[in-house]
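Sequential numbering of the sequence shown, starting at -13, is according to the numbering used here. Where is the CB? At the ideal position from N, CA and C, for every residue including glycine. Only a predicted model underlies this, so the values are computations on that prediction, with no experimental measurement involved. Here the structure comes first, spelled out in structure tokens, and everything after it is commentary.
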Amino acid sequence: MRIGVFDSGIGGLTVLKELITKYPGNEYIYFGDTLNVPYGTKSKEELLLLSDKIIKFLISQKVELIIIACGTISSNIYEEIKDKYDVKIIDILSPTINYLNKNNYHKVGIMATPMTAKSLFFEKRIKGAISIGCPKLVPLIESGKINSVETDEAINEYLTKLKGADIIVLGCTHYPVLIPIIQKYSTIPLINMGKCLVDTLNVNNLSTLQIKLYFSKLTPEIITNVTNIIKENKEIIERKL
Ligand code: DGL
């Protein structure tokens, strides 16, 4: 099966990584909009315009399924786009919501982008949910500054706001790359939304693994960041939206 996956930048690769691990018998076409990252502070109108271009590109690549590997698009505009195109489109948040609703947590902390936090997506669906916007994290991750004092300080700032949570959702697909750093400062269990997705997704697994990764801007740093997340053989291609 040919599956399209997209995000604002390299974050959605954490979802692609889970997909490849569970379903290696597929062709994956990824689009990361590294030219326009971050999405977490963009308006709904901007998100609609950008996702429309990406979805049309993925459809032109003959994908049979599109996975929105972006919490910001899923929380803000999924309802508007899910039935708009001639291809099945699934969001990244629903499997996590379903998982949380099956378990009885008192306080669910959500680290997310400002737009996801503002949408109150989790608060409307989960009892005891508290979302906080973490605007510093995506720029640090995209610029390859994961191991830096700034990242440690930002993580501590956000963890302080979620004191007493039973569980923390990494509500932006960029954040799983920070798991080792978050775990230096907190023992609260973390939810990786990509893992929740593959736990419930059912797709064919019949062809050989093929990975094509498109980015709207490519630099040597981006290529290094991409290769740190996706180790398998892949083509990395620059393509303007
Ligand atoms: N990784 C995306 C998300 O899950 C987008 C983050 C951003 O570009 O701000 O929200």
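Measuring only from the beta carbon, is residue i closer than 7 Å to any heavy atom that is part of the ligand NAP?
i	result
Y144	As presented, the structure is devoid of the ligand NAP, carrying the ligand DGL as its sole ligands.
Check whether the Cβ atoms of residue i and residue j sit closer than 8 Å, and answer yes or no.
i	j	result
H160	I127	yes
S105	I78	no
L195	G11	yes
G(-10)	L51	yes
I63	S37	yes
With DSSP run on the structure shown, which of helix, strand or coil describes residue i?
i	result
E224	strand
N133	coil
V163	helix
I112	coil
L199	strand
D77	coil
G157	coil
D(-7)	strand
I216	coil
M101	helix
I127	helix
Pull up the distance between the alpha-carbon of residue i and that of residue j, whole angstroms please.
i	j	result
P162	L156	7 Å
G180	L(-1)	9 Å
F108	L176	15 Å
A140	L164	11 Å
S129	G150	31 Å
I216	I208	12 Å
D152	Q169	14 Å
I54	L199	15 Å
E224	V212	13 Å
L86	I112	7 Å
P206	C56	23 Å
M(-13)	Y9	10 Å
C158	P121	11 Å
Can you say whether residue i is buried or exposed, counting buried as having 16 or more other CB atoms within 10 angstroms of its CB?
i	result
Y14	buried
V49	buried
S134	exposed
Y171	exposed
K70	exposed
K3	buried
P166	exposed
N22	buried
N90	exposed
K28	buried
L192	exposed
Exercise for review: Output the residue ranges of the alpha helix (DSSP H) runs that lie fully inside the stretch 6 to 65 and measure 4 residues or longer, sorted by chain position.
Suggested key: 30 to 46
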